[in-house]
């Protein structure tokens, strides 16, 4: 007997079907695909920077370990055009977060899964400079960690799914395309150029990356024969050496120190504008902030060495061996921080290394004293814990078990779990197995306990560092001795040749120094010691005027910036002289000296009056989106404090409230909120609404209504 199908019954079946699919997607989203192992992924994409989208395909080779009815990939807001299994169309669903393939899969069989798709990434892929009409300013780059590669590629947000990826990218041939792996071929077709990259070993998909822009490169090689490509902007050829200084030294040191060969085919480093972090250790392809592009003067103040070494160390700790989840994040960041410190120790000496440990110990102690200490096994711990407490834990472990056994344990760990995923327990087990040490006490004290054991750290520093030991003795003498501070400082000063210790003494006890002592410091030839005085001094006495003026000639942008401002404040009759002496200095990539100079030039009465408008237009122009967020923020700060904002500055500020960098966006939104408290700025912003784009208009309209 046939049952009549009513409209209600049809709706019921529809509802049940979609509810079932939704339930399946929820279940799938909460589990790891243990029944399927994805082996290889062949990606072929076209990147369109004008429309900010990506079109293409990916074909995965997967082994089915057990019978399965579904298989899924993470796909954030991707448009799926076609899905094929073994070259045959197959049923799939796409809920905006995952693509689920509904097909019975046989155990012990290999399948090919192909997906044609398009993406308009809301994050992870960043398109810069394509609308500002400034030649050479165009870039496209990715950031997968914390943002998910699944925003531009059907892939795996789960770090435990490791795949050997090959990547083809089609783009305008005028630009350079850089990605993971070895560039094995290029081909021009239909006005575009296709770059084909090959990887030999598997990786988690958050480590996939590409960068596109106007780049040149310098090619070097490690002692073990690994090709190293150092990318730079065409106009920065003179900055290549100081920017990448010690790169091969770091690489060679890490290979020797770790004792396990570099696990990838080559290594590339690519600077990009407005990067979200200092750097990111994508497999074989580190992307880093172009704020680290520096000249030789800047190298003395702030350089790329630590970030360079940190991201390079990640190629072993994080990329070769990858955490299972956030509770083992120490295995990434603590290790990269520690091995970067070891590399700096090799380059700059032991005391440099111990001063860094001392500074982080103080920070961690303060965190503990505020009852904000965190365990290294806590997946929600902050950067200070994962990075700095993590590095301290490794320093202590090495001290406890001995250098030789420490190295052997690390080698055993990396070799056993290479191209796999690990937990902290896996590391401890391997270290105990190699050294025959019970590490339970170490694990509890340094990994599980929330507090930082400062007294233990202090004892280690005193026993290992002459500089830190002396500094702590000074602190003690200054507290308990009846001798005057100047006498105590002089005694220790004359018994050390360490510029680092002398700089530390000046920064800590400047107010206790006599004019005669300061005069002696100003006669020093050490840039480090003189810089410590430049940043510490407040009121400049007339008796030392010429000596302080000499600091303007030091090879340090920190010193030049500090002294330009302080000399300008203290000796008003010579302001024009100080401005003339520093007129052509730009400073770091954030233009720190130039922005200060422009501000002081505008505030100096009768200084080059014919050029006043030119100086204002330059300073005001630095808020434009064509500049890096560091330059823009500096310009906003000077204009806010001293001059005020033009309509163009307000337009640039509203633009900044939509920036992809959360730090810069937060700054811009806070500043805008402050301006909206003033009626004049509220009225001006209201009149400017016709010039905002859709996102800006929505944001500012809500602000104006809420106020």
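In the working numbering, the protein residues as written are 1 to 707. Beta carbons: idealized from backbone N, C-alpha and C, even for Gly.
Item	Value
Return the residue from the list 67, 68, 275, 552 that minimises the CA-CA distance to residue 662.	275
According to DSSP, is residue 669 part of a helix, a strand, or is it coil?	helix
Residue range of the beta strand (DSSP E) that residue 62 falls in?	53 to 64
Could you tell me whether the segment 175 to 190 touches the segment 151 to 159, where touching means 3 or more Cβ pairs closer than 8 Å?	no
Which runs of the alpha helix (DSSP H) at least 4 residues long sit entirely within the segment 480 to 550? Give them in chain order.	485 to 494, 499 to 509, 515 to 522, 527 to 536, 545 to 549
Locate the alpha helix (DSSP H) running through residue 215, then write down its first and last residues.	Run containing residue 215: none; DSSP gives neither H nor E here.
What does DSSP give as the partner residues of residue 421 in its beta bridges?	322
Can you give me the start and stop residues for the beta strand (DSSP E) that residue 103 sits inside?	98 to 105
For the segment 173 to 256, list the beta strand (DSSP E) runs that are entirely contained and at least 3 residues long, ordered along the chain.	176 to 179, 182 to 189, 192 to 198, 210 to 213, 216 to 221, 227 to 232
Apply the 10 Å Cβ neighbour rule to residue 617 and answer buried if 16 or more other Cβ atoms are within range, or exposed otherwise.	exposed
Is it a yes or a no for the segment 357 to 369 touching the segment 434 to 449, going by three-plus beta-carbon pairs under 8 Å?	no
In angstroms with no decimal places, state the Cα-to-Cα distance between residue 697 and residue 173.	36 Å
Check whether the segment 349 to 358 and the segment 455 to 467 touch, using three or more Cβ-Cβ pairs below 8 Å as the test.	yes
Does DSSP put residue 5 in a helix, in a strand, or in coil?	Because the pLDDT of residue 5 is 39, which lies under 50, any placement of that residue in the model is unreliable, and the question is left without a value.
Shortest alpha-carbon distance to residue 67 belongs to which of 669, 105, 479, 206?	105
Could you work out which residue in 405, 57, 429 is closest to residue 416 when comparing CA atoms only?	429
Drop a sphere of 10 angstroms on the beta-carbon of residue 541, count the other beta-carbons inside from all chains shown, and report buried for 16 or more, exposed for fewer.	exposed
I'd like to check one pair, residue 560 with residue 593: are the Cβ atoms closer than 8 Å?	yes
Given residue 526, which residues of its chain have a CB within under 6 Å of its CB, disregarding the five upstream and five downstream residues?	499
Report all residues from its chain with a CB closer than 8 Å to the CB of residue 693; omit the five preceding and five following residues, and keep chain order.	none
Could you give the DSSP three-state label for residue 715: helix, strand or coil?	This structure cannot speak to residue 715, because the chain is shown only from 1 to 707.
Using beta-carbon positions only, say whether residue 297 and residue 556 come within less than 8 Å of one another.	yes
One question on the structure: do residue 311 and residue 279 come within less than 8 Å of each other, judged by their Cβ atoms?	yes
Which of the three DSSP states, helix, strand or coil, is assigned to residue 142?	strand
List the residues that DSSP assigns as beta-bridge partners of residue 557.	None, per the DSSP bridge assignment.
Report the three-state DSSP secondary structure of residue 126 (helix, strand or coil).	strand
Starting from residue 677, trace the alpha helix (DSSP H) both ways and give me its first and last residue.	Here residue 677 belongs to no alpha helix (DSSP H), and DSSP marks it neither H nor E.
Out of curiosity, what's the CA-to-CA distance linking residue 687 and residue 653?	15 Å
Closer than 8 Å by C-beta to residue 394: which residues in its own chain qualify, once you throw out the five before and the five after it? Chain order, please.	334, 335, 338
Determine, using beta carbons only, whether residue 81 and residue 111 come nearer to each other than 8 Å.	no
What separation, rounded to the nearest whole angstrom, lies between the Cα atoms of residue 30 and residue 665?	Any reading at residue 30 must be qualified, since the residue scores a pLDDT of 40, below 50, and its modelled position is unreliable; no value is offered.
Alpha carbons only, please: which of 701, 138, 472 is nearest the one belonging to residue 130?	138
Just verifying my parser: in three-state terms, what is the DSSP assignment at residue 85?	strand
Determine whether the beta carbon atoms of residue 317 and residue 332 lie at a separation below 8 Å.	yes
Tell me the residue span of the alpha helix (DSSP H) that contains residue 296.	296 to 301
Helix, strand or coil for residue 148 per DSSP?	coil
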